[in-house]
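Visitor: Residue numbers (the numbering used here), protein chains in the order written: chain A, 14 to 301; chain B, 31 to 303.
Shown below is the structure under consideration.
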Amino acid sequence: MRRKVLLRSSWLPYVLIAPAVAVLVALSIYPLIYSITVSLQVGEVWGLGNFTRLASDGFFLTAMAHTFVYAVAALTCEFLLGLGLALLLNNQIRGRGFFRATLLVPMMLPPVVAAVVWRLMLNPNFGAINGTLKQIGIDTESLTWTASPGLAMLSVIAVDVWQWTPFVFLVLLAGLQAIPQEPYEAALIDGSSRWQTFRHVTLPLLKPAILIVLLLRTMDLLRVFDQIFLLTEGGPGFATETISLYIYRTAFRFFDFGYAAAMSFVLLALTNVISVVYIRFLKHESRA
Amino acid sequence: MSRALKYFLVVVALVAALAPVYWMFTISLKSEVDHFALPPPWFNFTPTLEHYFEAFVARSFGQYLITSAIVAVISTLCALVLGTLAAYALARFRLPYDLDRRLSLWILSTRMFPAIVTAVPLFLMMRDLRLLDTKASLIIVYTAFNLPFVVWMMRGFFDEVPRDLEEAALVDGDSRLGALVRVVLPLVAPGLAATAVFCLIVSWNEFLFALVLTQTDASMTLPVGIAGRVTQYEIKWGVMSAAGAVAIVPILVFAMAMQKYLVRGLSLGAVKG
């Protein structure tokens, strides 16, 4: 019966899939191809000029370095805090549903609202942070946060950690709750310490969820644009300029679309390589 | 760890998550004089709605709000229709050459491009098509942006529906599409609703494409409208906070309504929560 049904409608799946594929080809694949042709032109001349220019562009290399610093620092903090919170709320805690729901508020905010929120918090004149510090007698003269070259990077990283730790927490908590009770009972019978149980039972079983959440966060951090653009516009000077911001500036402020396209392929290659590494780990994990 | 310490840490996390947002609400409700008061007034101030009136009546934020809603709703509907049909086919049919699995992965991979990579060519394409600074350009881009997500989520929900039910309908003489509409769709309705809410939130929050593709009040969405004020020199903090507060409301309502599916949606179905 099944076989007959499938045969009768053998054209149907293609008809159902075709519109979606057409839209994605037109708006994802065609733009990429278009972008390649743009990146291969300097003015009217075809060539690799935009790509060779990358290696000697100090701004590009600095933006690259900023992106890595930002990604590594934010990822580390978000992971450790998110894991800690997930372990904390995996206990029997009264009102857990309420806590879980409220902890999610930061990550649901539109990036632009998160930026408004933190501009208000960090404002040197009337921000809640400096206001509170002044109140307890700390001199805030030099604490201009997003306006200070030394503190700007720290500020944008802190805002990212504030907004996205809840996401790491949420995925890891779901992972923890999917772990069955049996291995814990076995560990208890063996007389394992809490650290041993965590190290040899929880962590290995949580590894797939950890890898997925690290993969998703890494991809987002490497391409970060919204928060930084809205908090500092890459400044002061060039202090918080990341790859995505530099590409944006090149394309939409200097109208050098060819060079912007070339840089965007470097970013694309970078995120691809890193995601392939993660996915290899994941596959290895699910086979083991 | 003692019980008291656990609760203390959880409360600290809650305050850290919420206090900044609450601070913005207070700014939106304070008169300008109170903005600069020291120590910062968290609770004692006389609330006023003047900034809300200025933002949504005297300035164009009301119009941005409507544009945001139109773009989010239409692009979500388009993505849902196209994506659900494709997801059903990918969940139910085995295509030759492993095509169903490969197509699914390819569709997912289009979602992985960094936004700035497609923003540059999409700007040039929309310029060529004379669609810059129109709502249509945003609707088109958001539809494509949400489509992989819909396919991936809905494929997961279809997989969970037992095939026997449909086969029974087919034996009773229903067509494939008839079985989809009458038997399967009602069963995946909660999943469909959750997927729709996700698309709405993504479109509502989206910033980069809206920044690149719109220029005037005619097509500006709320995020770009607010951002225009954020980056100006003389900043109207009260007005901005009022607009921000209003932008949050639909998001919070939706997010609370579909908490159950949040993890699955945010991890693209990789973790079933």
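Even for Gly, the Cβ is constructed at its ideal location relative to N, Cα and C.
#1: Can you list, in chain order, the residues of the region 246-276 of chain A whose Cβ is nearer than 7 Å to any Cβ on chain B?
#2: Run the proximity test for Phe143 (chain B): is its beta-carbon closer than 8 Å to any non-hydrogen atom belonging to the ligand NAD?
#3: Under a three-way DSSP split, which group does Val55 (chain A) fall into?
#4: Closest to Val283 (chain B) by CA distance: which of B:Pro178, B:Phe228, B:Ile100, B:Ala272 is it?
#5: Count the CB pairs spanning the region 232-247 of chain B and the region 280-292 of chain A that are closer than 8 Å, and state whether there are at least three.
#6: Among B:Leu162, B:Ala223, B:Phe83, whose alpha-carbon lies nearest the alpha-carbon of Lys290 (chain B)?
#7: Using the C-alpha atoms, what's the distance from Gly163 (chain A) back to Pro70 (chain B)?
#8: Any beta carbon from chain A within less than 9 Å of Gly203 (chain B)'s own beta carbon?
#9: Against Ser271 (chain B), what residues of chain A qualify as contacts under a CB-to-CB distance less than 8 Å, listed in chain order?
#10: Taking a Cβ distance cut-off of 8 Å, strictly less, list which residues of the region 222-235 of chain B are near chain A, in chain order.
#11: Going by Cα to Cα distance, which pick from B:Arg89, B:Ile57, B:Ser32, B:Leu59 is closest to Gly255 (chain B)?
#12: How big is the Cα-Cα spacing for Pro119 (chain A) and Ala43 (chain B)?
#13: Quick one: what does DSSP say Trp131 (chain A) is sitting in, helix, strand or coil?
#14: With H, G and I counted as helix, E and B as strand and the rest as coil, what does DSSP make of Glu236 (chain B)?
#15: Mind checking whether Pro124 (chain A) and Leu252 (chain B) have CB atoms under 9 Å apart?
#16: Under a three-way DSSP split, which group does Ser90 (chain B) fall into?
#17: In angstroms with no decimal places, state the Cα-to-Cα distance between Ser249 (chain B) and Val150 (chain B).
#18: Run down chain A in chain order and give the residues with a C-beta less than 7 Å from the C-beta of Ala219 (chain B).
#19: Leaving aside the five residues before and after Ile281 (chain B) along the sequence, list all residues of the same chain whose C-beta is less than 8 Å from its C-beta, in chain order.
#20: Determine whether the Cβ of Gly303 (chain B) lies closer than 9 Å to any Cβ atom of chain A.
#21: Using 8 Å as the threshold, is the region 178-197 of chain B in touch with the region 206-226 of chain B, meaning 3 or more CB pairs across them?
#22: Between which two residues does the alpha helix (DSSP H) carrying Asp158 (chain B) extend?
#23: In three-state terms, what does DSSP make of Leu112 (chain B)?
#24: In this structure, does DSSP put Asp163 (chain B) in helix, strand or coil?
#25: So, Val180 (chain B) versus Leu152 (chain B), is the Cβ gap smaller than 9 Å?
#26: May I ask you to list, following chain order, the residues of the region 192-213 of chain A that have a beta carbon less than 7 Å from some beta carbon of chain B?
#27: Taking Thr235 (chain A) as the reference, give the member of B:Asn74, B:Gly92, B:Ala145, B:Gly186 with the closest Cα.
#28: For the alpha helix (DSSP H) containing Pro217 (chain A), list its first residue and its last residue.
Guide: According to the structure data:
#1: Across the region 246-276 of chain A, CB contacts with chain B closer than 7 Å involve Glu246, Ser257, Ile260, Tyr261, Ala264, Phe265, Phe270, Ala273, Ala274, in sequence order along the chain.
#2: With respect to the ligand NAD, the structure shown offers nothing to examine, as it has no ligands at all.
#3: Here residue 55 (chain A) refers to the residue found at position 42 of the first sequence. Three-state result, Val55 (chain A): strand.
#4: In the second sequence, the residue the question calls residue 283 (chain B) occupies position 253. Per the Cα distances, B:Phe228.
#5: Contact between the region 232-247 of chain B and the region 280-292 of chain A is absent, because fewer than three Cβ pairs lie under 8 Å.
#6: Counting from 1 along the second sequence, the entry for residue 290 (chain B) is found at position 260. Of the candidates B:Leu162, B:Ala223, B:Phe83, the one whose C-alpha sits nearest the C-alpha of Lys290 (chain B) is B:Ala223.
#7: Within the second sequence, numbered from 1, the residue matching residue 70 (chain B) stands at position 40. Within the first sequence, numbered from 1, the residue matching residue 163 (chain A) stands at position 150. About 25 Å.
#8: In the second sequence, the residue the question calls residue 203 (chain B) occupies position 173. Contact with chain A is absent for Gly203 (chain B), since none of that chain's Cβ atoms lies less than 9 Å from the residue's Cβ.
#9: For this step, residue 271 (chain B) is matched to residue 241 along the second sequence. Those are Val129, Leu133, listed as they occur along chain A.
#10: Within the region 222-235 of chain B, the residues whose Cβ lies closer than 8 Å to some Cβ of chain A are Ile231, Trp234, Asn235, listed in chain order.
#11: In the second sequence, the residue the question calls residue 255 (chain B) occupies position 225. Nearest C-alpha to Gly255 (chain B): B:Arg89.
#12: For the purposes of this step, residue 119 (chain A) is taken as the residue at position 106 of the first sequence. For the purposes of this step, residue 43 (chain B) is taken as the residue at position 13 of the second sequence. If you take the alpha carbons of Pro119 (chain A) and Ala43 (chain B), they lie about 12 Å apart.
#13: Position 118 of the first sequence, counted from the start, is the residue given in the question as residue 131 (chain A). In this structure, Trp131 (chain A) counts as helix in the three-state DSSP scheme.
#14: Start at 1 with the first residue of the second sequence, and residue 236 (chain B) comes out as number 206. Coil, per DSSP.
#15: The sequence position of residue 124 (chain A) within the first sequence is 111, counting from 1. The sequence position of residue 252 (chain B) within the second sequence is 222, counting from 1. Not in contact: Pro124 (chain A) and Leu252 (chain B) (Cβ atoms no closer than 9 Å).
#16: Sequence index remark: in the second sequence, residue 90 (chain B) carries index 60 (1-based). It is coil, neither helix nor strand.
#17: As a working mapping, residue 249 (chain B) is identified with position 219 in the second sequence. As a working mapping, residue 150 (chain B) is identified with position 120 in the second sequence. Rounded to the nearest angstrom, the two C-alpha atoms are 19 Å apart.
#18: What you label residue 219 (chain B) is simply residue 189 of the second sequence in a count that begins at 1. Annotation: Ala219 (chain B) has no Cβ neighbours in chain A at a cutoff of 7 Å; minimum Cβ distance is about 19 Å.
#19: One-based indexing of the second sequence puts residue 281 (chain B) at position 251. Leaving aside the five residues that flank Ile281 (chain B) on each side, the residues in its chain whose CB is nearer than 8 Å to its CB run, in chain order, Ile231, Trp234, Asn235.
#20: Residue numbering aside, residue 303 (chain B) sits at position 273 when the second sequence is read from its first letter. For Gly303 (chain B), the predicted model reports a pLDDT of 46, less than 50, meaning its position is unreliable; a value from the coordinates is still stated below. Flagged as an interface residue toward chain A: Gly303 (chain B), by a C-beta distance shorter than 9 Å.
#21: Enough Cβ pairs lie closer than 8 Å, so yes.
#22: For the purposes of this step, residue 158 (chain B) is identified with residue 128 of the second sequence, where counting begins at 1. Where Asp158 (chain B) is concerned, the enclosing alpha helix (DSSP H) stretches over 145-158.
#23: Working through the second sequence from its first residue, we reach residue 112 (chain B) at position 82. Leu112 (chain B) sits in a helix when the DSSP states are folded into three classes.
#24: Along the second sequence, one-based indexing puts residue 163 (chain B) at 133. Residue state for Asp163 (chain B) is assigned as coil, using DSSP reduced to three classes.
#25: Your numbering for residue 180 (chain B) matches position 150 in the second sequence. Your numbering for residue 152 (chain B) matches position 122 in the second sequence. By the CB criterion at 9 Å, Val180 (chain B) and Leu152 (chain B) fall outside the cutoff.
#26: For the region 192-213 of chain A, which is checked against every Cβ of chain B, not one residue is closer than 7 Å.
#27: Along the first sequence, read from residue 1 onward, the residue named residue 235 (chain A) stands at position 222. Checking the displayed sequence, the identity of residue 235 (chain A) turns out to be Leu instead of Thr. Comparing Cα positions, the closest option is B:Ala145.
#28: One-based indexing of the first sequence puts residue 217 (chain A) at position 204. Note, Pro217 (chain A): alpha helix (DSSP H), 216-235.
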